[in-house]
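Just so we're aligned: the sequence shown equals residues -20 to -1, 1 to 556 in mature numbering (1 follows the signal peptide of the UniProt record, and there is no 0).
We treat Cβ as the ideally placed atom computed from N, Cα and C, and that holds for glycine.
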Amino acid sequence: MPLFVFLATIFLTLPTLSLSVTSCLLNTTLLRSRPSSSVDSATRCRYILQTIRVLQSDYLHRTGFFFPPSSSSFSCWNTLQSSINQYDIRSSCNLPSSSISLSCNNITTKSQFENSLPNSALKPVWSTCNQSLKSSLACSQCNKTLSKLDSFLTEPSTGELVDCKAIASIYAASFSDPQDSGTANCLFNFGFSSSVSSGKRRNIPVVVFSVLAFFLLVFGALWAYFRFKQKQKKKDIGKIEMGLGSGLDSGFDSLNQSTTLIRFTFDEIKKASRNFAGDNIIGKGGYGNVYKGVLFDGTRVALKRFKNCSVAGDASFTHEVEVIASVRHVNLVALRGYCTATTNLEGHQRIIVTDLMENGSLCDHLFGSAKKKLSWSIRQKIAFGTARGLAYLHYGAQPSIIHRDIKSSNILLDHNFEAKVADFGLAKFNPEGMTHMSTRVAGTKGYVAPEYALYGQLTERSDVFSFGVVLLELLSGKKALHVDNDGQPSALTDFAWSLVRNGKALDVIEDGMPELGPIEVLEKYVLVAVLCCHPQLYARPTMDQVVKMLETEELEQPISSIAGRIDVDEKSVSSN
């Protein structure tokens, strides 16, 4: 259990406030435990201050504001104080009310913060801090870029920092999950050493050994008992009552303890979706339907309901929950929770709850009924966001993850057209050290890499091929498999390759695209897409390399180098 998550009984009771005081808007459900009484007062006070920073990061992540209104400060302090009765927080730690409501050059919102800094200072923060910060290298890189913001955040009148280092860390933590242990330990310096005597430290191994021995004895006794009961009740296995919940839920216990994963009741899901009303369906697939819904607190969500589930649960449901819950990134769809239930009328229910993406999928905008074509700037943003999400799956997640079903309908768009990679039902964990996996072919025709389609050879570069197809769709407005001008079925990759070989890369770009970008940039994106779709596995770049090629501002060198990699032997291309 991470040390920063504290105050276990925070929601038992809250004092009644006067009408002039606003209730605390910080998400105090994140608080789970409190610091040990053995630590010194200075460490304890620092711990409390950093915990406030975690709550403020979550508040910024949810609302775009760095801190709640000053009218709610009293309620927030009251909530914190009610869980610690050994001492008064503010007096013993000398924490003014402004510790809840930060101030740095009068910056109160995320947009104000970003507008007060040049893009040259913010871009390194976005690239180094928007990832898991558990490793010392990632943490060091993020803090190094944050330290460079000090010169921009200095109060001009005095030349002193006014808690601006904290506000920069809060901004960086808000990218994904501020309560993640790696993020908190890195950006808020959680994880402190206790001021216990050396004599007590020498007793630690003895205590640990005693505890382990005790648990081994208990475990042995329980194992023998359950083995005995299993033999006694062997004939009754399989007699499961319909009213009982599936044992599947126990498989998520560890996830519930280590994340904010919520188990929703089936009644809550039915209320949110208006009993799965037909007009709330926003997606359909072989697994079932996706519904839009509104939770009791007003949060808009997407509800992925699996069909034909058994009492033992649905394997694809379990796997998808496991995958989504193991990753956190701004360009991946975030999991809010799940529902497993069994009722007499509805049978066995398995439902995944995620944030609702207001702008639907990329497929909707490219090939749906959208009246307005996407501008180049939005397409560029979607391409870069999708690339970053995939790069995180391949190199930021531990173990790495191969998505296996990258396509335009699985790229969702939020209200700002930020791309979110979704649908992890076919995803595969890739153990460290494995160069490839041999597995049954899965995915969608037109997006599947040739070596995977033909031989079942799966690698991260299979996802790179699929990304290349999506990027070509984004650039051309044509489907992966479409009908050409002669009425013949055609693969988009063949269409793009033929144009690039003939020196007509810009002909790939969709006619009538609004607000076209510079010709050099458009050409570079076409060449990157074609390179990702290269028929030879190892001629394709990695997703890390793709991100660097798409984000670089130096155009001439990337175009020449990319074009050189595409200029392969005609025989090797045709043989694939």
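Does the Cβ of residue i have 16 or more other Cβ atoms within 10 Å, making it buried, or fewer, making it exposed?
i	result
G265	exposed
L331	One point to set straight first is that residue 331 is Ile, not Leu, in the sequence displayed. So I331 counts as buried.
T163	buried
K351	exposed
A295	exposed
D38	buried
R285	buried
Q468	exposed
W477	buried
E338	exposed
D466	exposed
G483	exposed
By the DSSP assignment, the beta strand (DSSP E) with residue i in it spans what residues?
i	result
V310	Element bounds for V310: n/a, residue is neither H nor E.
N269	G268 to V274
H462	L461 to V463
S380	S380 to I382
V333	G327 to D335
P469	P469 to A471
A282	R280 to F286
K408	K408 to N410
For residue i, which residues in the same chain have their Cβ closer than 6 Å to its Cβ, ignoring the five residues on either side in sequence?
i	result
A519	none
Q329	F246 and A321
V307	A377
A429	S442 and F445
L110	In the sequence under discussion, the amino acid at residue 110 is Asn, which differs from the Leu named in the question. F155 and V310, listed in sequence order.
T424	K387
Out of the options, which has the shortest C-alpha to C-alpha gap to residue i?
i	options	result
L40	I150, C109, N123 and W57	I150
A399	A314, K408 and Y375	A314
F447	W106, T59, K387 and G162	K387
S115	F206, F194, S290 and D160	D160
V444	G369, C119 and T88	G369
E326	A295, S357, K287 and T334	K287
L530	F206, T334 and A367	A367
N165	A193, Y205 and S112	S112
Q61	A471, C25 and L283	C25
K103	I87, K124, T88 and N260	K124
L454	W356, N482 and D474	W356
V34	S51, S52, L6 and S53	L6
L511	L496, G497, T279 and D474	D474
F132	L167, E94 and T279	E94
A148	Q36, F195 and D403	Q36
How far does the alpha helix (DSSP H) with residue i in it extend, from its first residue to its last?
i	result
V501	I499 to C512
Q360	W356 to A371
L530	M523 to E531
G162	S161 to L167
I249	F246 to A252
G265	Careful: G265 lies outside any alpha helix (DSSP H), inside the beta strand (DSSP E) at I261 to G265.
L393	No alpha helix (DSSP H) holds L393; the beta strand (DSSP E) holding it covers I391 to L393.
V401	First-last for V401: A399 to V401, but that is the beta strand (DSSP E), not the alpha helix (DSSP H).
F445	E440 to S456
C122	S116 to S127
F54	S53 to S62
I304	A295 to A305
residue 593	Lying outside -20 to 556, the shown extent of the chain, residue 593 is not represented and no answer is given.
State yes or no: is the C-beta of residue i nearer than 8 Å to some heavy atom of the ligand FMN?
i	result
G44	As presented, the structure is devoid of all ligands, the ligand FMN included, so that no description of it is given.
Output needed for residue i: all residues of its chain with C-beta closer than 7 Å, excluding positions within five of it in sequence on either side, in chain order.
i	result
D524	A371 and Y375
Y427	I386, K387, S446, V449 and A460
T345	Checking the sequence, you will find His at residue 345 rather than Thr. Excluding sequence neighbours, H345 sits near L354.
S52	T2, S3, C4 and L5
L97	L129 and F132
I249	L283, C319 and I331
G457	L346 and E490
Leaving aside the five residues before and after residue i along the sequence, list all residues of the same chain whose C-beta is less than 8 Å from its C-beta, in chain order.
i	result
L486	I499, L502, E503 and V506
K90	L40, G44, F45, F46, Y151 and S154
L117	none
G340	I262, G348, L392 and L393
G492	K353
V527	F364, A367, R368 and A371
V281	A252, K272, G273, V274, L275, R316, V333, T334, D335 and L336
V421	V428, Y432, A433 and G436
R359	L454, L455 and M493
T88	F45, F46 and F47
D216	Its pLDDT being 37, under 50, D216 is placed unreliably in this model, and the value from its coordinates should be taken loosely. Excluding sequence neighbours, D216 sits near nothing in its chain.
Residues bridged to residue i by DSSP?
i	result
Y27	None; Y27 has no bridge partner.
I242	G317
T89	F45
T323	G327
S341	L392
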